[in-house]
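Enquirer: What follows is a single structure, and I will ask about it in a moment.
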Amino acid sequence: MHTLRLKEGGVGVEEEGEEGERRMSLQIDGTFFLGLSFPFDLLTLDSNIGKGTFGEVFKAHVHGKRVAVKQIFMNVTDAEERAEMVKDFGKECRIMSMIRHPNIVQFFGSVQEAPNFCIISELCEGNVVDLLNLLSGRKINVTWRLLWGIANGAASALNYLHFENETQIIHRDVKAENLLLTEKLTDFGLSRVVDVGKNNQAKHMTMCGTPSWVAPEIFKGEAYNQKIDVYSYGIVLWELFCFRIPYKDEDPVKLPYKVALDNKRPPLAPHIPQKFAALMEICWAADPKSRPEMDEVLRILQDFTKSGEEGLNVDLDAAVDVTKISNDLYKMKTSELRNGTNIPGAIEEENSESF
C-alpha cells in the first residue's frame, strides 16, 4: 500500500513504496513529471552498451530484473547550462511516462539524484545498425520479411505517437540507430509534445535531429509538425534496404543546403521492391503536405505483405554497393545463407514485464 504525502515547499508529491523506491515528481516548466524514482545505489550497472552526445547506456539490474539504464551526462560547470540539461532530462522522463506501446521501449522509472540522472527502461538487446553492419559486410543473408518487420514496427510506433496517444508527440530523431531488432523505437531525448497553434497546426521551429535524417523545413528554419518524423522514416527505409549510412560520402557542411535547396535524397537502387521505393519517395517529399500520415504508411506496408515479395531474399551484392548498380531492373533471387549465419525474425524478450 502506497501513501501519498506533500513534499516540503509544495514542490510535488512523494509516494512511499517498496524499500528503496518511491514515487516522486520533478517540476519542469510548471508541469510535473510523476514517475517511479529509484535511488542510484539501488542500481547495479553491468556493461556499457552505447554512448551518445547526451549520455551512455548500460545493461543493469534493479530489484533483480535486467534493465537498460541511460545515464545523462552532467559534466558541465555552467549553472544555467546544467539547469537546462536537468529540464531536458525531465521532459524526456515525462514523455516516456506518457507512452505505452508494444513497439516502443517500456519506461520503468528514473534516478533523480544530482549528479546522477538516469532513465530506466526495458532492456532490448540488438540494434538495427548492428544488423545493417552485418549485412553490409555480407556476413549474413536475410529475407525482406525481417526488414519489413522492423519497418512496420517503427511505423506503428510513430503512428501511435502522432495520433493514437492521448498526447500528440513528435519523436524528432528517427533513424536506424534508434530502432531495435525487437521492432521497438527508442531514445526520446529530443522528443517534444506537439504545440498546437490557433489554426490547429503543430508549430515547432527549433533545430533538432541528426543531419542526415533531418527534413528540409528544419534546415530552412520553418515551422514544422509530425511530418518531419515521416521524412526521417523515409530515410530509415533507405537505410534498411541499402545497409548504408545515408550521405556517407557527402560534405556535412554542404548537405543541409543540398537537401533543402537542391532536393537531394539518397540514390534509389533497383534491388529495392518497387512499392518500398515509391514509399521512400513520398515519405521524403520536399513538401510536408505531400508526405503521408503514418496510418497510410502502415496500410502500404500491409499491402506489401499481400504481394508475396516479403519472402524473397535480399541480394547483398546489389544492395551494398548502391553507387555501382545499373538502372536495369533487378530480378530478386533466393540464395543460401552465408557462413551458416541467420538472424531470427523475432528475439525472445525477457524483460517485458513491469515492476
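For the sequence shown, this note's numbering begins at 3 and goes up steadily by one.
Note that CB positions come from ideal geometry on N, CA and C, so glycine has one too.
Quantities reported herein were computed from a predicted structural model and do not represent experimental measurements.
1. Just grab the DSSP bridge partners of VAL113 for me.
2. Using the C-alpha atoms, what's the distance from LEU242 back to TYR259?
3. Tell me the rounded alpha-carbon separation between SER193 and PHE110.
4. Could you pull out every residue in the same chain whose Cβ sits closer than 8 Å to the Cβ of ALA157, ignoring the five residues on either side in sequence?
5. Does the distance from the CB of ASP253 to the CB of CYS210 come in under 8 Å?
6. Helix, strand or coil, according to DSSP, for ASN135 in the structure here?
7. According to DSSP, VAL255 sits in a beta bridge with which residue or residues?
8. What first and last residue would you give for the alpha helix (DSSP H) that runs through GLN92?
9. Determine the extent of the beta strand (DSSP E) in which PHE190 is found, giving its start and end residues.
10. Output yes or no for whether 8 Å exceeds the beta carbon distance between ILE74 and MET87.
11. Could you pull out every residue in the same chain whose Cβ sits closer than 6 Å to the Cβ of LEU281, ignoring the five residues on either side in sequence?
12. Given a cut-off of 8 Å, decide if ALA178 and VAL255 are closer than it, judged by their beta-carbon atoms.
13. Between which two residues does the beta strand (DSSP E) containing ASN50 stretch?
14. Quick check: what's the CA-CA separation for LEU270 versus TRP240?
15. Below 6 Å CB to CB, which residues in the same chain sit around ARG84 once its five sequence neighbours on both sides are set aside?
16. Quick one: what's GLN73 bridged to in DSSP?
17. According to DSSP, is LEU270 helix, strand or coil?
18. Would you list the residues sitting across from ILE106 in a DSSP beta bridge?
19. Can you give me the start and stop residues for the alpha helix (DSSP H) that ALA217 sits inside?
20. Where does TYR249 sit, in a helix, a strand or coil, going by DSSP?
21. Are PHE40 and VAL59 touching if we call contact CB-CB under 8 Å?
22. With DSSP as the reference, label ILE172 as helix, strand or coil.
23. Do GLU124 and VAL107 have their C-beta atoms closer together than 8 Å?
24. Report the three-state DSSP secondary structure of LYS358 (helix, strand or coil).
25. Examine the Cβ distances between the segment 182 to 190 and the segment 141 to 161 and report whether three or more of them are shorter than 8 Å.
26. Look up PHE307 in the DSSP assignment and say whether it is helix, strand or coil.
27. Any idea what DSSP makes of ARG68, helix, strand or coil?
28. Could you check where the alpha helix (DSSP H) with ARG140 kicks off and where it finishes?
29. Report yes if the CB atom of ASP231 is closer than 8 Å to the CB atom of LEU148, and no otherwise.
30. Since I believe LYS72 is in contact with ILE121 (beta carbons under 8 Å), could you give me their beta-carbon distance rounded to a whole number of angstroms?
31. For a test of the three-state rule: what should DSSP assign to LEU38, helix, strand or coil?
32. According to DSSP, is VAL232 part of a helix, a strand, or is it coil?
33. Please name the residue, chosen from GLY57, ASN129, ARG293, that lies closest to LEU119 on a Cα-to-Cα basis.
34. What is the rounded straight-line gap between the Cα of GLN114 and the Cα of ILE274?
Expert: The short version:
1. By 1-based counting over the sequence shown, the position of residue 113 is 111. Answer is CYS120, bridged to VAL113.
2. Position 257 of the sequence shown, counting from 1, holds the residue named residue 259. Position 240 of the sequence shown, counting from 1, holds the residue named residue 242. The alpha-carbon atoms of TYR259 and LEU242 are separated by roughly 25 Å.
3. Start at 1 with the first residue of the sequence shown, and residue 193 comes out as number 191. Start at 1 with the first residue of the sequence shown, and residue 110 comes out as number 108. Cα to Cα, SER193 sits roughly 18 Å from PHE110.
4. On the sequence shown, residue 157 is found 155 positions in, with the first residue counted as 1. Excluding positions up to five away in sequence, the list reads TYR235, MET296, VAL299, LEU300, LEU303.
5. Along the sequence shown, read from residue 1 onward, the residue named residue 253 stands at position 251. Along the sequence shown, read from residue 1 onward, the residue named residue 210 stands at position 208. Contact flag unset, no.
6. Taking the first residue of the sequence shown as 1, we reach residue 135 at position 133. If DSSP states are grouped into helix, strand and coil, ASN135 belongs with the helices.
7. Mapped onto the sequence shown, residue 255 falls at position 253. VAL255 pairs with nothing; no bridge assigned.
8. Locating residue 92 in the sequence shown gives position 90, counting from the first residue. First, the amino acid is wrong: residue 92 is Gly here, not Gln. 81 to 100 is the span of the alpha helix (DSSP H), which, as asked, contains GLY92.
9. Here the question's residue 190 lines up with position 188 in the sequence shown. Counting along the chain, PHE190 falls outside any beta strand (DSSP E), and DSSP gives it neither H nor E.
10. Residue 74 sits at position 72 when you count from the first residue of the sequence shown. Residue 87 sits at position 85 when you count from the first residue of the sequence shown. Contact flag set, yes.
11. Mapped onto the sequence shown, residue 281 falls at position 279. Only ILE302 meet the Cβ criterion.
12. Start at 1 with the first residue of the sequence shown, and residue 255 comes out as number 253. Start at 1 with the first residue of the sequence shown, and residue 178 comes out as number 176. In this structure, ALA178 does not lie closer than 8 Å to VAL255 by Cβ.
13. Within the sequence shown, residue 50 is the residue found at index 48, counting from 1. Segment 46 to 53, the beta strand (DSSP E) holding ASN50.
14. Start at 1 with the first residue of the sequence shown, and residue 270 comes out as number 268. Start at 1 with the first residue of the sequence shown, and residue 240 comes out as number 238. Approximately 8 Å between the Cα atoms of the pair.
15. As a position in the sequence shown, residue 84 is number 82, starting the count at 1. Answer for ARG84: VAL78, listed in chain order.
16. Along the sequence shown, read from residue 1 onward, the residue named residue 73 stands at position 71. GLN73 is bridged to GLU58, CYS120.
17. By one-based count along the sequence shown, residue 270 stands at place 268. In the displayed model, LEU270 falls within coil according to three-state DSSP, outside both helix and strand.
18. By 1-based counting over the sequence shown, the position of residue 106 is 104. The partner list for ILE106 (beta bridge, DSSP) reads LEU187.
19. Here the question's residue 217 lines up with position 215 in the sequence shown. Per DSSP, ALA217 belongs to no alpha helix (DSSP H) and is neither H nor E.
20. The count along the sequence shown starts at 1 and reaches residue 249 at position 247. If DSSP states are grouped into helix, strand and coil, TYR249 belongs with coil.
21. Locating residue 40 in the sequence shown gives position 38, where the first residue counts as 1. Locating residue 59 in the sequence shown gives position 57, where the first residue counts as 1. Result no, Cβ atoms of PHE40 and VAL59 do not sit closer than 8 Å.
22. On the sequence shown, residue 172 is found 170 positions in, with the first residue counted as 1. DSSP places ILE172 in the strand class (E or B) of the three-state scheme.
23. In the sequence shown, the residue the question calls residue 124 occupies position 122. In the sequence shown, the residue the question calls residue 107 occupies position 105. Between GLU124 and VAL107, the C-beta spacing is below 8 Å.
24. In the structure as shown, the chain starts at 3 and stops at 357, and residue 358 therefore has no counterpart that could be examined.
25. yes
26. In the sequence shown, counting from the first residue as 1, residue 307 sits at position 305. It should be pointed out that residue 307 corresponds to Thr in this sequence rather than to Phe. Residue state, collapsed to three classes: helix.
27. Working through the sequence shown from its first residue, we reach residue 68 at position 66. In this structure, ARG68 counts as strand in the three-state DSSP scheme.
28. Looking up residue 140 in the sequence shown gives position 138. Premise fails: ARG140 is in no alpha helix (DSSP H) and is neither H nor E.
29. Locating residue 231 in the sequence shown gives position 229, where the first residue counts as 1. Locating residue 148 in the sequence shown gives position 146, where the first residue counts as 1. No.
30. Taking the first residue of the sequence shown as 1, we reach residue 121 at position 119. Taking the first residue of the sequence shown as 1, we reach residue 72 at position 70. Indeed they touch by this definition, with Cβ atoms about 4 Å apart.
31. Within the sequence shown, the letter at position 36 stands for residue 38. Shown here, LEU38 sits in a strand according to DSSP, grouped into three states.
32. For the purposes of this step, residue 232 is taken as the residue at position 230 of the sequence shown. Three-state DSSP puts VAL232 in a helix.
33. Counted from its first residue, the sequence shown places residue 119 at position 117. Residue 119 is actually Phe in this sequence, not Leu. The shortest Cα separation from PHE119 among GLY57, ASN129, ARG293 belongs to GLY57.
34. Residue numbering aside, residue 114 sits at position 112 when the sequence shown is read from its first letter. Residue numbering aside, residue 274 sits at position 272 when the sequence shown is read from its first letter. When rounded, the distance between both Cα atoms is 46 Å.
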